[in-house]
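Undergrad: Shown below is the structure under consideration.
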Amino acid sequence: MRLFLLLLTLLASASAAAAPPPAAWPSKTFYRSVDVDGHRTFYREAGERSRPTLLLLHGYPSSSHTYRELIPLLSGHYHVVAPDYLGSGLTDHPDPSDENYTFERLARHIAAFTDAVGLQRYSLYMQDFGAPVGFRLMQLQPERLQALVAQNANAYLDGLTPARLRFFEQAHRDASPGTLLQLHGLTSAEGVINLQYLRDVKDRPEKISPDAWQHDLSGLASQAQQLAQVQLFQDYWTNIEAYPEWQAFLRTHQPPALVLWGKHDPAFIAAGALAYRRDLPDADISLIDAGHFAVEEHAVLIGQQIVAFLGRLEQQGQLSPDSTP
């Protein structure tokens with residue numbers, strides 16, 4: 003009888019541990035802009051400033067719009083801020099003939115943005131291009147980082163197939179008309195819709211809202227807007243060269259980390275998620291039945307895992323609100 007009761011207790015504990023965190027009514031999302039070094043910078047903000055902050059960094063070809071479903075799932079628990087990069091979404095798009103678009107430039111712009119809106123402490127969510135922006139931001143502001151959520155955010159050679167590695171090297175080193183035509187193709191409607199959003203969900207295209215690519219294509223309507231993104235593709239090789247620095251940062255600072263990965267992503271394969279364990283042995287790693295744009299497919303699941311992860315850190319005293327009112 004005692005053994006039976008013990009087993010019931012263990013089963014109840016396991017069920018409680020596996021249960022998703024309680025839901026909370028979302029806070030209103032506000033759509034704001036702030037001047038950052040002379041550039042109008044758009045951002046979405048929700049949740050109380052008295053709660054810990056989560057800073058969401060988007061990938062390509064998207065903007066903060068990619069987090070439209072995730073933000074309400076988080077804002078009842080946390081203060082959530084999601085900016086658009088320079089040259090993306092509703093932020094200013096300086097002409098690339100005057101403004102050289104690099105990941106270093108984007109990271110410094112976001113660093114200045116955090117100053118402009120008064121973020122002194124934050125957890126960081128990064129996806130795709132959000133990784134090179136985010137890791138550079140961590141290096142610029144290591145004292146502000148409280149926790150890390152990496153969603154298909156590559157920082158290891160393990161996450162790149164040989165073909166993908168060759169693509170990035172060619173984009174960086176080969177400025178021939180053929181290569182430039184290929185890169186510009188990635189900014190076209192075909193490149194955005196079929197080579198990005200629908201590539202990983204060919205059997206279930208209804209999982210991706212057309213709002214996503216319609217919004218993104220509106221920010222790629224001109225040749226100048228397309229060239230800005232082409233310049234970033236050309237600069238991507240500098241991220242791969244920086245991988246050892248980023249890995250050293252993780253080893254040194256050991257931020258609490260949740261690694262979420264759409265396991266069907268052919269751009270950044272799932273081995274890139276598992277590689278985080280080499281430098282962050284305590285990282286939580288979750289492979290999701292999704293592709294590159296996992297938050298477009300499974301916002302609720304991702305929201306549940308983030309709330310559970312950050313909730314544990316709060317209980318352990320590792321997460322605190324931003325000190326700036």
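All residue numbers for the sequence shown refer to the numbering used here, where the first residue is 3 and numbers rise by one.
All C-beta atoms in this analysis are idealised placements derived from N, C-alpha and C, irrespective of residue type, glycine included.
Model, not experiment: these values are computed from the prediction.
Measure the Cβ-Cβ separation of THR31 and PRO85 and say whether it is below 8 Å.
TA: Going by C-beta atoms, THR31 is not nearer than 8 Å to PRO85.
Undergrad: Give the C-beta separation of ALA149 and PRO283 to the nearest angstrom, bearing in mind that I take them to be a contact with Cβ-Cβ under 8 Å.
TA: In fact, because the Cβ distance is near 16 Å, the residues do not count as touching under 8 Å.
Undergrad: Identify whether LEU262 lies in helix, strand or coil by the three-state DSSP scheme.
TA: Correct three-state label for LEU262: strand.
Undergrad: If you follow the beta strand (DSSP E) that THR240 is in, where does it begin and where does it stop?
TA: Per DSSP, THR240 belongs to no beta strand (DSSP E); it is in the alpha helix (DSSP H), 239-255.
Undergrad: Report the rounded CA-to-CA distance for LYS209 versus HIS266, giving the unit in angstroms.
TA: Computed Cα separation, rounded: 14 Å.
Undergrad: Taking one C-beta from the segment 233-249 and one from the segment 132-146 each time, how about it: are there three or more such pairs within less than 8 Å?
TA: The segment 233-249 is in contact with the segment 132-146.
Undergrad: Between LEU315 and the rest of its own chain, which residues show a CB-CB distance below 7 Å, the 5 nearest in sequence each way excluded?
TA: Here the set comprises ALA149, PRO258, LEU321.
Undergrad: Please give me, in chain order, every unbroken run of the beta strand (DSSP E) with length at least 3 that falls completely inside the segment 122-204.
TA: Taking only runs of at least 3 residues, the beta strand (DSSP E) segments lying wholly in the segment 122-204 are 124-129, 147-153.
Undergrad: For the segment 21-105, which segments carrying the beta strand (DSSP E) assignment without a break, of at least 3 residues, lie completely within its bounds, in sequence order?
TA: Here the runs fully enclosed are 31-38, 41-48, 55-59, 81-85.
Undergrad: Give the single residue among PRO74, TYR62, GLY40 whose Cα lies nearest to the Cα of LEU56.
TA: Comparing Cα positions, the closest option is PRO74.
Undergrad: Output needed for ALA26: all residues of its chain with C-beta closer than 7 Å, excluding positions within five of it in sequence on either side, in chain order.
TA: Around ALA26: GLY78, HIS79.
Undergrad: So, under 8 Å CB-CB, TYR103 and ALA269 are touching, yes? Tell me the CB distance rounded to an integer number of Å.
TA: Incorrect: roughly 20 Å between the Cβ atoms, too far for contact.
Undergrad: Which residue marks the beginning of the beta strand (DSSP E) containing ILE287, and which one marks its end?
TA: Run containing ILE287: 286-290, per the beta strand (DSSP E) assignment.
Undergrad: Can you tell which of GLU106, HIS81, GLY274, ASP324 has the C-alpha that lies nearest to the C-alpha of GLN236?
TA: Comparing Cα-Cα distances from GLN236 to each of GLU106, HIS81, GLY274, ASP324, the minimum goes to GLU106.
Undergrad: I need the DSSP call for LEU221, collapsed to helix, strand or coil.
TA: In the sequence as presented, Leu is not what sits at residue 221; that position holds Gly. In the structure shown, GLY221 sits in coil (DSSP, three-state: anything other than H, G, I, E or B).
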